[in-house]
Amino acid sequence: MQEIEVVVAHQERATVRVGDVFLKIDADPDHADVEVAAMAMAPVPTPEVLWHNPPVLALAALRGRALGRLGEPSTAPSTAWAAAGATVRALHDAPLPPWPGRSLDEVATQLDDECGWLVTNGVLPADLVTRNRHVAEAALRQWTPVFTHGDLQVAHVFVDGDEVTGVLDWSEAGRGDALFDLATLTLGHEEHLVDVVAGYGTDVDLDVIRAWWSLRSLLAVRWLAEHGFDPSAPGCEVDVLRARM
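If you want my numbering, it's the position in the sequence shown, counting the first as 1, plus 206.
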């Protein structure tokens with residue numbers, strides 16, 4: 207008899223695995239609609255959609271294993287990280303999706319709100335927030351929109367050897383900043399940034415990637431804490447912020 211494995215569960219979304227099938231249940235049906243549409247458009251490997259009956263999306267398991275996990279050293283070879291960079295480049299070179307992503311003004315407003323909340327509630331030291339808010343400003347510039355994954359965490363990229371076998375979790379895909387995807391992929395894994403950029407195959411502004419590390423981490427702390435995750439775990443978002451000091 208197959209067992210049910212709870213992959214992730216919180217009040218907004220749950221994902222369970224039964225054998226080689228993943229079932230994603232989302233409180234917002236629009237997320238699954240975006241995910242299905244994005245995977246159909248993306249010129250990179252994605253999970254097979256077995257069926258979609260809102261609010262449930264059934265996906266086939268991917269071959270291989272995650273490129274890494276936030277807070278843990280990655281055992282994947284440098285060639286796998288370079289392959290991930292090449293996969294991201296293929297996505298960014300694809301035609302834009304028809305739906306928009308977050309605007310620069312929306313990101314800036316959210317950053318101001320989160321920094322204020324972190325300091326007012328004593329969640330993080332004021333100097334830590336101020337320093338990373340300053341670093342994050344480099345990301346707040348006009349960008350040329352590309353087809354972005356939007357949540358390209360290292361755990362969402364599966365590899366087998368040095369081959370990318372699939373990219374998961376497309377519910378936040380849309381038009382966005384290419385360097386945000388690269389920053390999200392390398393968050394907490396700075397030692398592999400050079401491999402990812404080599405695979406990506408074009409010059410990128412490393413200061414903007416570092417800015418997105420700070421910006422994403424500042425935006426994530428409250429959400430993670432409110433949804434049962436620990437952003438202060440070793441190697442995770444708070445450590446990323448401390449590394450900028």
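For each residue, glycine too, the CB sits at the ideal point set by N, CA and C. All values derive from a computational prediction rather than experimental measurement.
Using a 10 angstroms sphere on the CB of Glu312, the tally of other CB atoms stays under 16, which defines it as exposed. Exclusion of the five residues before and after His433 leaves His216 as the residues of its chain whose Cβ lies within less than 6 angstroms of its Cβ. By the neighbour-count criterion, in which 16 or more other beta carbons inside 10 Å mark a residue as buried, Trp287 falls on the buried side. Just measuring C-alpha positions, the residue of Pro253, Arg275, Val242 sitting nearest Asn259 is Val242.
Ala439 and Leu424 have their C-alpha atoms roughly 15 angstroms apart. Between the region 365 to 377 and the region 322 to 341 there are fewer than three C-beta pairs closer than 8 angstroms, too few to call the two in contact. Here DSSP, grouped into helix, strand and coil, assigns Gly434 to coil. 8 angstroms or more divides the Cβ of Arg223 from the Cβ of Val214. The way I'd put it, the region 261 to 268 doesn't touch the region 379 to 390; fewer than three beta-carbon pairs between them come closer than 8 angstroms.
For Glu211, the enclosing beta strand (DSSP E) begins and ends at 210 to 215. DSSP, read as helix, strand or coil, puts Trp257 in strand. Ranked by Cα distance from Ala248, the first of Ser420, Val227, Arg337, Leu374 is Leu374. DSSP, reduced to helix, strand and coil, places Val410 outside both helices and strands of the structure shown, so it counts as coil.
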